[in-house]
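Numbering (this note's numbering), first residue to last: 110 to 539.
Take a look at the structure set out below.
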Amino acid sequence: MVSFVSSLCGKISPLSLKEYKDNGGFDGLQKAIFHMKPHEVVKVIEDSNLKGRGGAAFPTGLKWKFISMENSDEKYIICNADEGEPGTFKDKILLDGCPLQIIEGMIIAAYATKANKGYIYIRGEYPKTREILLKAVEILRDEGYLGDNILGQEFSFDIDIRSGAGAYVCGEETALIESIEGNPGRSRFKPPYPPSEGLWRKPTLVNNVETLANVPLILSFGADEFKKYGTEGSRGTKLISVSGNVVNRGVFEIELGTTLKEIIYDICGGTLKDKKLKFIQLGGSSGACIPQSLLDIRLDFDELRKYSIGLGSGAILVVDESTCIIDFIKNTMEFFKHESCGKCTPCREGNRHIIKILDRIQGGEGSERDIELLKNISLLMKEASLCGLGQAAPTAIFTTLKYFGDEYKEHLKGYCRCGICDMKGREECK
110 MVSFVSSLCG
120 KISPLSLKEY
130 KDNGGFDGLQ
140 KAIFHMKPHE
150 VVKVIEDSNL
160 KGRGGAAFPT
170 GLKWKFISME
180 NSDEKYIICN
190 ADEGEPGTFK
200 DKILLDGCPL
210 QIIEGMIIAA
220 YATKANKGYI
230 YIRGEYPKTR
240 EILLKAVEIL
250 RDEGYLGDNI
260 LGQEFSFDID
270 IRSGAGAYVC
280 GEETALIESI
290 EGNPGRSRFK
300 PPYPPSEGLW
310 RKPTLVNNVE
320 TLANVPLILS
330 FGADEFKKYG
340 TEGSRGTKLI
350 SVSGNVVNRG
360 VFEIELGTTL
370 KEIIYDICGG
380 TLKDKKLKFI
390 QLGGSSGACI
400 PQSLLDIRLD
410 FDELRKYSIG
420 LGSGAILVVD
430 ESTCIIDFIK
440 NTMEFFKHES
450 CGKCTPCREG
460 NRHIIKILDR
470 IQGGEGSERD
480 IELLKNISLL
490 MKEASLCGLG
500 QAAPTAIFTT
510 LKYFGDEYKE
520 HLKGYCRCGI
530 CDMKGREECK
């Protein structure tokens, strides 16, 4: 484990400006405002090779460059703190432990892109975190770090806090933007993309909490210091949220390039009661199910791409051999059916039909045709859904069919090796 972006969490009082500054807080902002031009700040972020930590891993510097090139008297910065991916709770650690660091990252982003207004969109299930953020914004406003003429310079920027209402889809940037505008949280058609036409149809930068938390450190210590962590194509560290059938659960900061095996067995102490590990789901419910045979894979954006796997939010769900694949997938797809906004047909109808198919398979009434239908509907959702929710929803289906196809076939024969599915001819797992 390492301690970089989370180094101040638990070390200082979250709302103490003095303690934050005594530990290097706002050094990055002062360096940017007093010694650098906006385009130079963008260049530093570009040179760091920081990639988005929310799931898409898009180059942060490139996104900043896009919005900085837009000619508009209104630009917005949005911190996406709508941490709704099941099994993900790493952003909450940063928001609760060091909110001033995230806000400093937003102010630096605003200076670099010439934005004048910011929003933190916080998950509705985090009411205490919301109160912390409200107090943090008030403190910084009183001390001249937010508002007009920040630190005596001709640079003005302020932040409002907005709460979500529990919709998973609002983690998608355009649905989040619709929600801030007071509309139902439904994804927009793209293009145009937010850097050119986002909130109120103005240029908008949307960054994840962890992404923004890295920014002050990169400005303070330099891009080269940041690049000492990680691998050639995946620089820096990553916060991971580990849950499930594992001894040590929680949030850990690792260097990108660490293997799944090192995380599960060295950092987290292995599975509970030493049960055999069946698979890990990487990136939350929308992530891939990776079998034990592939635990030597490194958490590196390039290496994961070779296996058509994404790091996603950094959630790691550890699942042991007592879990039935079909039952697990059905629960996953029930979640997506519930959370679909219903705007596009592939996602709305695809989830519904997939659950019907899984019901048949789980009840011992499935057929080979159902497996083919499952593949075809999943592929349609991936290729034709409007946003990332529908596109990523069938990821677990693709990977379990690939690595655990034998369990699907066993269910077609009326047998659940784990003794979970209520079907005719079921045998208990030995």
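C-beta: ideal position from N, C-alpha, C; glycine also.
Margin query: Rounded to whole angstroms, what is the Cα-Cα separation between Phe361 and Ala190?
Written below: The residue given as residue 361 occupies position 252 in the sequence shown. The residue given as residue 190 occupies position 81 in the sequence shown. Going by the C-alpha atoms only, they are around 18 Å apart.
Checklist line | Whether Phe437 touches Cys377 by CB criterion (9 Å) | finding: One-based indexing of the sequence shown puts residue 437 at position 328. One-based indexing of the sequence shown puts residue 377 at position 268. It is not a contact, given that the beta carbons lie outside the stated cut-off.
Notebook entry, point to check: Does the beta-carbon of Ser296 have 16 or more other beta-carbons within 10 angstroms, so that it is buried, or is it exposed?
Noted result: The residue labelled residue 296 in the question sits at position 187 within the sequence shown. Ser296 is buried by the Cβ-count criterion.
Check: Hey, which unbroken runs of the alpha helix (DSSP H) at 4 residues or more fall wholly within the segment 290–347?
Finding: 318–330, 332–335
Notebook entry, point to check: So is Asn316 buried or exposed if we call it buried at 16+ other beta carbons inside 10 Å?
Noted result: Position 207 of the sequence shown, counted from the start, is the residue given in the question as residue 316. By the 10 Å Cβ count, Asn316 comes out buried.
Next item on the list: Return the bridge partner residues of Asn189 from the DSSP annotation.
Entry: Numbered from its first residue, the sequence shown carries residue 189 at position 80. BP columns for Asn189 point to Tyr230, Asn317.
Next item on the list: Would you grab the beta carbon distance between Arg239 and Ser272 for me? Rounded to a whole angstrom, and I think it's under 8 Å.
Entry: Position 130 of the sequence shown, counted from the first residue, corresponds to residue 239. Position 163 of the sequence shown, counted from the first residue, corresponds to residue 272. Confirmed, Cβ separation roughly 6 Å.
Checklist line | Range covered by the beta strand (DSSP E) that runs through Gln390 | finding: What you label residue 390 is simply residue 281 of the sequence shown in a count that begins at 1. Its beta strand (DSSP E) spans residues 386–391.
Check: Excluding the five sequence neighbours on either side, which residues of its own chain have a C-beta within less than 7 Å of the C-beta of Glu319, listed in chain order?
Finding: In the sequence shown, counting from the first residue as 1, residue 319 sits at position 210. Here Glu319 has Val114, Arg162, Lys199, Asp200, Leu203, Leu348 as same chain residues with Cβ atoms under 7 Å from its own Cβ, once five neighbours each way along the sequence are excluded.
Check: From this set, Gly196, Gln262, Arg457, which residue's C-alpha is nearest Ile393's C-alpha?
Finding: As a first step, residue 393 must be located in the sequence shown, where it is residue number 284. A small fix is needed here, since residue 393 is Gly in this sequence, not Ile. Closest by C-alpha distance to Gly393, out of Gly196, Gln262, Arg457, is Gly196.
Next item on the list: State yes or no: is the beta carbon of Leu204 nearer than 9 Å to at least one beta carbon in chain D?
Entry: Protein chains in the displayed structure number just one, and chain D is not present.
Next item on the list: Report the three-state DSSP secondary structure of Gly134 (helix, strand or coil).
Entry: To locate residue 134, count along the sequence shown from 1; it is residue 25. Here Gly134 sits in coil by DSSP.
Check: Contact check, Ala505 vs Thr441 under 8 Å by CB: the rounded distance?
Finding: Residue numbering aside, residue 505 sits at position 396 when the sequence shown is read from its first letter. Residue numbering aside, residue 441 sits at position 332 when the sequence shown is read from its first letter. Sure, about 5 Å apart at Cβ, within 8 Å.
Notebook entry, point to check: Taking all protein chains shown into account, do 16 or more other C-beta atoms lie within 10 angstroms of the C-beta of Pro301, making it buried, or fewer, making it exposed?
Noted result: In the sequence shown, the residue the question calls residue 301 occupies position 192. So Pro301 counts as exposed.
Item checked: For Arg271: DSSP bridge partner residues -> Here residue 271 refers to the residue found at position 162 when the sequence shown is read from its first residue. Paired residue(s): Tyr230.
Item checked: Met490 versus Tyr416 - alpha carbon distance -> Working through the sequence shown from its first residue, we reach residue 490 at position 381. Working through the sequence shown from its first residue, we reach residue 416 at position 307. Answer to the nearest angstrom: the Cα atoms are 20 Å apart.
Margin query: Less than 8 Å between C-beta atoms, sequence neighbours within five positions excluded: which residues of the same chain meet that for Ile435?
Written below: Numbered from its first residue, the sequence shown carries residue 435 at position 326. Excluding sequence neighbours, Ile435 sits near Leu467, Ile470, Gln471, Glu516, Tyr517, His520, Cys525, Cys530.
Notebook entry, point to check: Hey, how far is the Cα of Gly534 from the Cα of Cys456?
Noted result: Locating residue 534 in the sequence shown gives position 425, where the first residue counts as 1. Locating residue 456 in the sequence shown gives position 347, where the first residue counts as 1. Residue confidence is low: Gly534 scores 42 on pLDDT, short of 50, so the model does not pin down where it sits. Its coordinate-derived value is still stated next. Computed Cα separation, rounded: 34 Å.
Next item on the list: May I ask you to report which of helix, strand or coil DSSP gives Lys223?
Entry: As a first step, residue 223 must be located in the sequence shown, where it is residue number 114. In the structure shown, Lys223 sits in coil (DSSP, three-state: anything other than H, G, I, E or B).
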